[in-house]
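Scroll down for the structure; my scribbles are underneath it.
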Amino acid sequence: MDKKYFTYILLTEQNTLYCGYTDDVEKRFQAHLEGKGAKYTRSHKPIKIVYQKEFETKSDAMKEERRIKKLSRFEKLKLINNIQ
10 MDKKYFTYIL
20 LTEQNTLYCG
30 YTDDVEKRFQ
40 AHLEGKGAKY
50 TRSHKPIKIV
60 YQKEFETKSD
70 AMKEERRIKK
80 LSRFEKLKLI
90 NNIQ
């Protein structure tokens, strides 16, 4: 079985968006909830996963994460709403 990678966006209690990449979205989300994820999500508790996209390679997922992080909040919301 080929390993898959994902870029994801979380919505936080402060109504901010956090973007990251992983090979297991649910496991990574749980780590964020337990304060074992990124520093940002230790002080901005995530509520839910609002976006995820699958990639064949880690490199592609990382490139998408970098691209998303450069977007404005408005552009991120457009991306999220087009998927859901």
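With the working numbering applied, the sequence shown covers 10 to 93. By construction, the Cβ of each residue, glycine as well, lies at the ideal position given by its N, Cα and C atoms.
If you draw a straight line from the alpha carbon of residue i to that of residue j, how long is it in whole angstroms?
i     : j     : result
Asn24 : Glu74 : 19 Å
Met71 : Ile77 : 10 Å
Lys48 : Asp11 : 30 Å
Lys87 : Val34 : 21 Å
Apply the 10 Å Cβ neighbour rule to residue i and answer buried if 16 or more other Cβ atoms are within range, or exposed otherwise.
i     : result
Arg51 : exposed
Gln93 : Low per-residue confidence applies at Gln93: pLDDT is 46, beneath 50, and the placement is therefore not dependable, though the value from the model is reported in the following sentence. Exposed, since its Cβ has fewer than 16 Cβ neighbours within 10 Å.
Gly4  : Missing from the structure shown is residue 4; the chain here goes from 10 to 93 and no further.
Phe83 : exposed
If you drop the 5 nearest sequence neighbours on each side, which residues of the same chain put their C-beta closer than 6 Å to that of residue i?
i     : result
Tyr5  : Lying before the first or after the last residue shown, residue 5 is absent from the chain, which here runs from 10 to 93.
Arg37 : Thr31
Thr16 : Tyr30, Lys62, Ala70, Glu73, Glu74
Ala40 : Gly46
Quick one: residues in its chain with C-beta nearer than 8 Å to the C-beta of residue i, no 5 flanking neighbours on either side, listed in chain order?
i     : result
Thr21 : Tyr27, Thr50, His53, Lys54, Pro55, Ile56
In this structure, what does DSSP give as the bridge partners for residue i?
i     : result
Phe15 : Thr31, Glu63
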